[in-house]
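Only one structure is covered here, and it is reproduced in the block below.
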């Protein structure tokens, strides 16, 4: 029997607000334990939550970018369970009435057609704190609770079970990741848990329209692990069914070391969260004017921009996708192109030298020492024939390390391209005179030797000779 | 009259002229507390040292001319209000050692005006009770008859007024917890409209019902206290951003033409005869003052107690989850492991009534029961609100008894929770409707126990009930009688 996997993803995106969702404490990562707390996020008696408006703004933005309907009326609810990292004994979330409903995202798996994935809902909620074990000053041998993270804002984004393979799941996750980082509402850092994912996986016989029993895989924190965990789980379920067993509804944990999932708790052990509307918070009412304003303020979305790069700027699909991986990169690219209308050359430089330099230094495009105007001018120098592409790399390196305008660097270091045919001829004559054996070879029909001569001439001119001119003159001389 | 017997406005007159200093008033109050406290048990914690320091500061403020009517007035707070640096127990063992790092907004507002805090008052544990018998810190006795309960849950707040241990107090009212003890102790007690006073820093019992209010010797004091604690607080999302009227200016003494509704569901056969007689006399008094009476119906009254015990306990079961022994409060010494620590801490820390209500509420919210209990109760709550909305289309104020009987005996209903719950039958609907009501002294039973009448107003109609209560007070002398203690 052939099986069809069915996958739905629940993504938790931590929002990049300066303060927490229900109090004014800072959300900075990595501070001293419990230094960013107050009566509200400590869950002290008598403390009450007050909603951070920025969180609502961010949620609306996420909803609009994923084609959701923004609810006019939404309600915060309490999710009740006991855990030491949950100070109030309940998490404030949204349940029956989330802020965003019924949206979709288009995804693209290589070699397949674009596919539309439904988004069931997006809701706002607070994060819990975290437990720390040993190795913390002041903590002898026991465990401690750090509540700095408690009450930081999260969006939970729930997809429909529309995904049919691990590749689709990863494509969806990457698309969502690109959107939330693009919107500037989430830093997307998966290692620190700012963007994390639970996967609901089931399998059913191909052709069936009855969904199989699903398992929920918790907290998979990289694209690679998502693929691994889903593939493992699909195979596990298929093996189970083929061996005459059946899948039980349960929560499973992915172990990145073994690449396997293992049972965490069964349906019977599942919590009864006893959700009910939080009486401390009034229902959230969002007027049409607010949604309209958010819509107007929404930046051009990555998919649209990617298309525009292809149709308006004539970029290949691959380039357009790479350059819209982040808003910063796309912005940088467009700014460059505005200064110098050679989109493909700019694209090559961005995907090549610039990306390499950024990666080597661990920097982001937003802090790139070479600003778009400067890069554009550098490329202009190549296109004008003032310097060669090879020299341009030297100039770029100088700009990156020590700053400065490309034109000035070229002048100061005497890097301008030599297009004076007399000067180049003189060099060629010298090279030919010193390598008569190779000249004979060439004349004898071994045309490969031509490359050797070009290399010699370029080296002798310290790369400054105009390559086109070198080719032309050299060929004439060699042919005698 | 002794200093400790004065009202806020009377004491203010003496402070203003320098006839009495705040330090003298505070000392007189502390001495009075010392002498009667063994027989009453109003307090959980006394703060004489900080009280005297605050009184000195108040005296300086008065001397500098920067004083208002509350400066230097010695007050006490129900132990449900967080007071920075001063132990706050909420009447529970689970908070026996809890010293809050911040103060409730209501107390901050009083403190900013120069009030002196004498101490923290006894109450039912987590405000769950109608008799003050569920406190982990001993029962409070009714100053009019020390074999009887003072009412609850703000029993200490009412007893302290009746026993002249504080000039005024603050309580909280979730299902009658200000009005019922005020009625049983012969004081004035007002539950404001939901959202009128900030709940920030007030330990939550049932968040959608809890409201802060004063218990005082007379209506004028009540207006002064309410005017101070009322008003929007950005730290409480449910506090309403509406201007605070001058409640004292509302006390005109004039109720001519005031339309008073008498709900037939509240004047039922079987109402205590003395209570009925007190209501009849009160109606007569209002008629004489020029008010008009209209019989009205609040048809869903019968469902109020059941509705309340689903909504209040559901919210409480969640509100009380934070008492887990992890960060503050009682932690069991014998626990092994995390779950055991939480379970034991809660088992040891909470009393029987609190446990009963946590279990009721947990059940009402459980999967499979939520719709049948919690959701249904919310629907009935809407119907009860509708009852009041319709009634207020024809009347300005509704008059009812506060409680079906005068104060009962200590121990009388302790083993019969249902009977205990029914003692709040006339006060609970007001909390469910979210509107305001006050208890005003309206007579005494044959046995000499105080009886209160309840004046229910429209949402944010505190001025009207204060005016009606004040006019009644002017025409009667019930509020001037003193418990012989």
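Protein chains in written order, with my numbering: chain H, 1 to 480; chain W, 1001 to 1485. Glycine included, C-beta positions come from ideal geometry on N, C-alpha and C.
Boundaries for residue 11 of chain H: no alpha helix (DSSP H) harbours it, while the beta strand (DSSP E) harbouring it runs 3 to 14, taken from the DSSP string.
Proximity to residue 232 of chain H across H:299, H:242 and H:166 peaks at H:166, based on C-alpha coordinates. Contact between residue 218 of chain H and residue 251 of chain H is confirmed by a C-beta separation of about 6 Å, below the 8 Å threshold.
Using a CB distance cut-off of 7 Å, residue 39 of chain H counts as an interface residue toward chain W. Per DSSP, reduced to three states, the secondary structure at residue 219 of chain H is strand. Within 8 Å of the CB of residue 1229 of chain W, no CB atom of chain H is found; the nearest one sits about 15 Å away. Using a CB distance below 9 Å, the part of the region 41 to 54 of chain H facing chain W consists of 42, 43, 44, 45, 46, 47, 48, 49, 50 and 51, ordered along the chain. Nearest neighbour of residue 99 of chain H by Cα position, chosen from H:123, H:108, H:296 and H:88, turns out to be H:123. Against chain W, the CB of residue 178 of chain H has no partner CB under 7 Å away; the residue lies outside that interface. In this structure, residue 1181 of chain W lies away from residue 1304 of chain W, with their beta-carbon atoms at least 7 Å apart. Taking CB atoms only, residue 1170 of chain W has no neighbour in chain H less than 7 Å away.
Ranked by how close their Cα comes to the Cα of residue 376 of chain H, the residues H:395, H:466 and H:60 have H:395 in first place. Take residue 1021 of chain W, set aside five residues on each side of it, and the residues of its chain with a beta-carbon closer than 6 Å to its own are 1059, in chain order. Looking at W:1421, W:1086 and W:1155, the one whose alpha-carbon comes closest to that of residue 1186 of chain W is W:1155. Distance check between residue 1 of chain H and each of H:78, H:41, H:206 and H:54 places H:206 closest, using alpha-carbon atoms only. The C-beta of residue 1321 of chain W comes closer than 7 Å to at least one C-beta of chain H. Contact of residue 78 of chain H with chain W by beta-carbon distance below 7 Å involves 1318. The Cβ-Cβ distance between residue 1193 of chain W and residue 1435 of chain W falls below 7 Å. Chain order gives the chain H residues near residue 1201 of chain W as 46, where near means a beta carbon separation below 7 Å. Close to chain H, meaning a Cβ-Cβ distance shorter than 8 Å, are the following residues of the region 1349 to 1383 of chain W: 1362, 1365, 1366, 1367, 1370 and 1374. Not one beta carbon of chain H lies nearer than 7 Å to the beta carbon of residue 1340 of chain W. Straight across, the Cα-Cα distance linking residue 1207 of chain W with residue 1239 of chain W is about 12 Å.
Taking residue 1213 of chain W as reference, the option from W:1136, W:1149 and W:1110 with the minimal CA-CA separation is W:1110. When only Cα atoms are considered, residue 146 of chain H and residue 131 of chain H end up about 6 Å apart. The three-state secondary structure of residue 1203 of chain W, taken from DSSP, is coil.
Around the CB of residue 1142 of chain W, 16 or more other CB atoms lie within 10 Å, so the residue is classed as buried. Around the beta carbon of residue 443 of chain H, fewer than 16 other beta carbons lie within 10 angstroms, which makes this residue exposed.
Contacts between residue 145 of chain H and chain W, judged by CB atoms closer than 9 Å, involve 1326 and 1327 in chain order.
Contact note: residue 281 of chain H reaches chain W through 1237 and 1238, using a C-beta cutoff of 9 Å and chain order. In this structure residue 117 of chain H touches residue 172 of chain H by the C-beta definition: roughly 5 Å separates them, less than 8 Å. Around the Cβ of residue 370 of chain H, a 10 Å sphere holds 16 or more other Cβ atoms; the residue is buried. Listed along chain H, the residues sitting closer than 8 Å to residue 1234 of chain W by beta-carbon distance are 50.
The straight-line gap separating the alpha-carbon atoms of residue 433 of chain H and residue 319 of chain H is approximately 46 Å. Within chain H, the residues placing a beta-carbon under 7 Å from that of residue 1208 of chain W are 279, ordered along the chain.
Residue 197 of chain H has H:11 and H:220 as its beta-bridge partners, per DSSP.
Proximity of chain H to residue 1315 of chain W at the Cβ level (cut-off 7 Å) is accounted for by 279, in chain order.
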